[in-house]
Amino acid sequence: MNMEKDVINRHQIHLYLCLVVIFAFTIVISRGQQDCVIEMSTNSTRCCTGFRLINRTCTECIGYFGENCSAPCPPGFYGPRCKTRCNCSVKDICNQFVGCISNYTCGKSLI
14 MNMEKDVINR HQIHLYLCLV VIFAFTIVIS RGQQDCVIEM STNSTRCCTG
64 FRLINRTCTE CIGYFGENCS APCPPGFYGP RCKTRCNCSV KDICNQFVGC
114 ISNYTCGKSL I
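What the sequence shown shows, in my numbering, is residues 14 to 124, in sequence order.
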């Protein structure tokens, strides 16, 4: 009888831990855009640095950074708020939006 209780308790603990992980993952996924809204006293909305206002929603800068996404990524960086470093081969170039891309297309250089 005690062995059955131990098995049930282990299953309950496992289920509880799974639910905690799922809950934490949901919180991480839902963060990002809406957590960077700064409500102004004039009923206007301002976004945090690294975000810009698009259709009344603060959207993370992709390929840009700074106040209102005003500056392009520095060379060698790309993506959301330019946080990711490119590690391109000699045949590739770092695109500020998606990272490493081929430097050649149909035999012609993009540069």
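We put the CB at the ideal spot given by N, CA and C, even for glycine.
| Item | Value |
| --- | --- |
| Coil, strand or helix - residue 113 by DSSP | strand |
| Same chain, Cβ closer than 8 Å to residue 80, five either side skipped, listed in chain order | 62 |
| Beta-carbon proximity check, residue 112 vs residue 95, cutoff 7 Å | no |
| Coil, strand or helix - residue 101 by DSSP | coil |
| Own chain, CB closer than 8 Å to residue 88, minus 5 neighbours either side, in chain order | 107 |
| C-alpha distance - residue 71 paired with residue 58, whole-angstrom precision | 9 Å |
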